[in-house]
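So the structure is just underneath, and the comments pick up after that.
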Amino acid sequence: MPNYYVNTDPQSTGENEVHENGCKHGPLASKQKSLGWHSSCSLAIAEAKKHYSKVDGCYYCANACHTR
Ligand SMILES: [Zn+2]
44 MPNYYVNTDP QSTGENEVHE NGCKHGPLAS KQKSLGWHSS CSLAIAEAKK HYSKVDGCYY
104 CANACHTR
């Protein structure tokens with residue numbers, strides 16, 4: 044089960060991206076807000092939505108939850 048985090052810096056389009064720990068395309072460590080362990084990216088997205096209204100999965104590490 045991967046550990047997820049959300050980028051505290053939104054994309055230019057307004058979404059905060061959710062990544063798995065270790066993603067090479069993620070932000071600097073200082074911009075990573077931990078979401079904890081989740082069995083799927085959709086659960087990590089749900090957790091991230093408690094903090095941010097617009098959330099999307101990373102194209103590279105959470106492709107199943109990537110919608111934009
Ligand atoms: Zn990623």
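Per my numbering, the very first residue in the sequence shown carries number 44; after that it's consecutive.
Don't be surprised by glycine CBs; every beta carbon is placed ideally from N, CA and C.
Between the beta-carbon of Lys97 and that of Asn59 there is about 7 Å, and that keeps the pair under the 8 Å contact cut. About 5 Å separates the Cβ atoms of Lys74 and Thr51, confirming a contact at the 8 Å cut-off.
Within the same chain, and ignoring the five residues on either side of Asn46 in sequence, the residues whose Cβ sits closer than 6 Å to its Cβ are Asn64, Trp80. Taking each of Ser55, Met44, Pro53, His62 in turn and checking the Cα distance to His109, the smallest one comes out for His62.
CA-CA distance, Leu78 to Cys101, rounds to 14 Å.
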